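**Student:**
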Amino acid sequence: PTQIETLVQESPRVIHLSGSPAPSTCLDQFGDWENFKFAPIRESIVSRAMTKRYFADLDKYAESDIVVVGAGSAGLSAVYVLAKTRPDLKIAVIEANVSPGGGCWLGGQLFSAMVLRKPADAFLNEIGVAYDDEGDYVVVKHAALFMSTLLSKVLNFPNVKLFNATAVEDLITRRDPATGELRVAGVVTNWTLVTMHHDDHSCMDPNTINASVVLSSSGHDGPFGAFSAKRAHAIGGLPKLGGMRGLDMNTAEDAIVKGTREVCPGLVIAGMEIAEVDGSNRMGPTFGAMALSGVKAAEEVLRVYEE
Ligand code: AHZ
C-alpha cells in the first residue's frame, strides 16, 4: 500500500467503524445542549484582547532579527527552518494578502493535488505531511494540506509573528560612507489597502521594521510580486533584472534552488522572486523548488546574520 493508504487503514475512524470503541473527542465534554451557555463576555474585552496583543507585537517586532517578505511556500519553508534552528531570533513575516499561503493552495489549473520532485520529499517528512511515492516525485493529496500544515507549524513558533494584510512598500537602506555600498537594513510597511491607495489619498505615512537580514520571497512579477528585486534594482542595489523566462520544469527548479542567495548586502531572495533576478524559467505546478529554496534561504540568512 502507499503511505496514504496505510494511514487510512490505520486511522481511528476506520478502526471505530469496524467495531472497536470510539476515540475520545471534545464531544465527551458536551451533550446537554438544552442547558448550554457560553462564559460571559463584554465587547470591549474582545477588542482589547486583540489590539493589546497586536500593538505589543508591533512594538516588539519593530526591531526584528529577520524580516520575511511574503508568506508563500518558499518564504514559509524558510521561516520554518529559521524558527526551529534559532529560537532566539525574532522573525517578522509580512504578507500583503489577508490570507497567508501565496500561490500554493491548489495544484495546477485548480486541481487539488500537489507534486514535489525528489529530494523535496525530505521536507514533507520533516513537517509531517503524507504523500504518495511515485518514484522520482511524490504527490500530496491536496496542496492545502501542505500549506495548512506548514502554516500551523510556523505560527506555533513563539519567535514568529505574521503581519498579514500588510504590504512591504519600500526597503530601509544604508549606504556605507567609505565604499558607497548599499545595505538593506529593514522594510517599510503599510496596510495593503493603504498601499493600494497612495495615488488617490494623501498623508498615509508608513511604518518601519529594522532587521539584520531581509529575506524576500514575494513571488514572480505581478501587482505585488518580485517587490524587493524590483525595488533593489531601482535604487542601485542590484545591477540588473533578468526577468522570469517561460516554463521549463527540468531546468527551472534546479535554477531556483541554486540561485537562492544574498543578492545584495542584507537582502536574501528565495522562491520565484529569484527568477526575476536571474532570468530563470518558471516551473508551473511543481513545488519542490519552493520548499528547498526556502531551506537554502534559511541557511543563507543565518550566514548573513552571523557575519
Ligand atoms: O501576496 C504575496 C504572496 O502571498 C506576497 N507578497 C508579494 N509582494 C508583497 C509585498 N509585501 C508583502 N510587497 C507580498 N507581501 O508574497 C507571497 C508570494 O508567494 P508565492 O506563492 O507567489 O511565491 P513563492 O515564490 O513562494 O511560490 C511561487 C510558486 C509558483 S511557481 C509558478 C509558476 O511557475 O507559474 N507560480 C507560482 C505561484
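So for the sequence shown, full-length UniProt numbering puts the first residue at 4; every next one is plus one.
Even for Gly, the Cβ is constructed at its ideal location relative to N, Cα and C.
These numbers come from a predicted model, not from an experiment.
How far does the alpha helix (DSSP H) with Phe166 in it reach, from first residue to last?
**Tutor:** No alpha helix (DSSP H) holds Phe166; the beta strand (DSSP E) holding it covers Val163 to Asn167.
**Student:** Which residues does DSSP list as the beta-bridge partners of Glu66?
**Tutor:** Asn213
**Student:** Please state the DSSP three-state secondary structure of Ala95.
**Tutor:** strand
**Student:** Compute the minimum distance between the beta carbon of Ser221 and the heavy atoms of the ligand AHZ, and state whether it is under 6 angstroms.
**Tutor:** yes
**Student:** Indicate whether at least one CB of chain C lies closer than 7 angstroms to the CB of Glu256.
**Tutor:** Of the protein chains in this structure there is only one, and it is not chain C.
**Student:** On the criterion of 16 or more Cβ atoms from any shown chain inside 10 Å, does Asn38 qualify as buried, or is it exposed?
**Tutor:** Exposed.
**Student:** Considering only residues of the same chain and omitting the five flanking positions on each side of Lys164, which have a CB-CB separation below 6 angstroms?
**Tutor:** Asp60, Tyr64 and Ala95
**Student:** Please state whether the Cβ-Cβ distance between Ala77 and Gly274 is less than 7 angstroms.
**Tutor:** yes
**Student:** Going along the chain, which residues of its own chain have a beta-carbon closer than 7 angstroms to the beta-carbon of Glu303, five neighbours each way excluded?
**Tutor:** Counting only Cβ-Cβ distances below 7 angstroms, and skipping sequence neighbours, we find Thr263, Arg264, Glu265 and Val271.
**Student:** Would you kindly report the start and end of the unbroken alpha helix (DSSP H) that includes Glu276?
**Tutor:** Glu276 to Asp281
**Student:** Going residue by residue through the region 177-202, where are the continuous alpha helix (DSSP H) segments of at least 4 residues, counting only ones entirely within it?
**Tutor:** Every unbroken stretch of the alpha helix (DSSP H) spanning 4 or more residues and falling wholly within the region 177-202 is given here in chain order: 195-198.
**Student:** Looking at C-beta atoms only, is the number of pairs between the region 172-184 and the region 254-263 that lie closer than 8 angstroms three or more?
**Tutor:** Too few Cβ pairs lie closer than 8 angstroms, so no.
**Student:** Sort out for me which residues DSSP pairs Met117 with in a bridge.
**Tutor:** Val143
**Student:** Rounded to the nearest angstrom, what separates Leu250 and Arg285 at their Cα positions?
**Tutor:** In this structure, the CA atom of Leu250 is about 5 angstroms from the CA atom of Arg285.
**Student:** Does the beta-carbon distance from Glu172 to Ala229 come in below 7 angstroms?
**Tutor:** no
**Student:** Do you know how far the Cα of Cys206 is from the Cα of Ala194?
**Tutor:** Looking at the sequence itself, residue 194 is Trp, so the reference to Ala does not match. Cα-Cα distance, rounded: 14 angstroms.
**Student:** Below 6 angstroms, is the gap between the Cβ of Gly291 and the nearest heavy atom of the ligand AHZ?
**Tutor:** no
**Student:** Mark residue 315 as exposed unless 16 or more other C-beta atoms lie within 10 angstroms of its C-beta, in which case mark it buried.
**Tutor:** With the chain covering 4 to 310 only, the question about residue 315 has no answer from this structure.
**Student:** What are the boundary residues of the alpha helix (DSSP H) that Leu295 is part of?
**Tutor:** Gly291 to Glu309
**Student:** Report the rounded CA-to-CA distance for Pro242 versus Gly282, giving the unit in angstroms.
**Tutor:** 13 angstroms
**Student:** Should Tyr83 be labelled buried (16 or more other beta-carbon atoms within 10 Å of its own) or exposed?
**Tutor:** buried
**Student:** Return the first residue and the last residue of the beta strand (DSSP E) that Arg248 is part of.
**Tutor:** Arg248 to Leu250
**Student:** Where does Ser151 sit, in a helix, a strand or coil, going by DSSP?
**Tutor:** helix
**Student:** What does the alpha-carbon distance come out to for the pair Val307 and Ala170?
**Tutor:** 24 angstroms
**Student:** If contact is defined by three or more beta carbon pairs under 8 angstroms, each pair taking one atom from either stretch, is the region 147-154 in contact with the region 127-134?
**Tutor:** yes
**Student:** Please determine whether the Cβ atom of Arg285 lies at a distance below 6 angstroms from any heavy atom of the ligand AHZ.
**Tutor:** Yes, the beta carbon of Arg285 sits closer than 6 angstroms to at least one heavy atom of the ligand AHZ.
**Student:** Less than 8 angstroms between the CB atoms is what I'm expecting for Asp224 and Glu279, so what's the real figure, rounded?
**Tutor:** 6 angstroms
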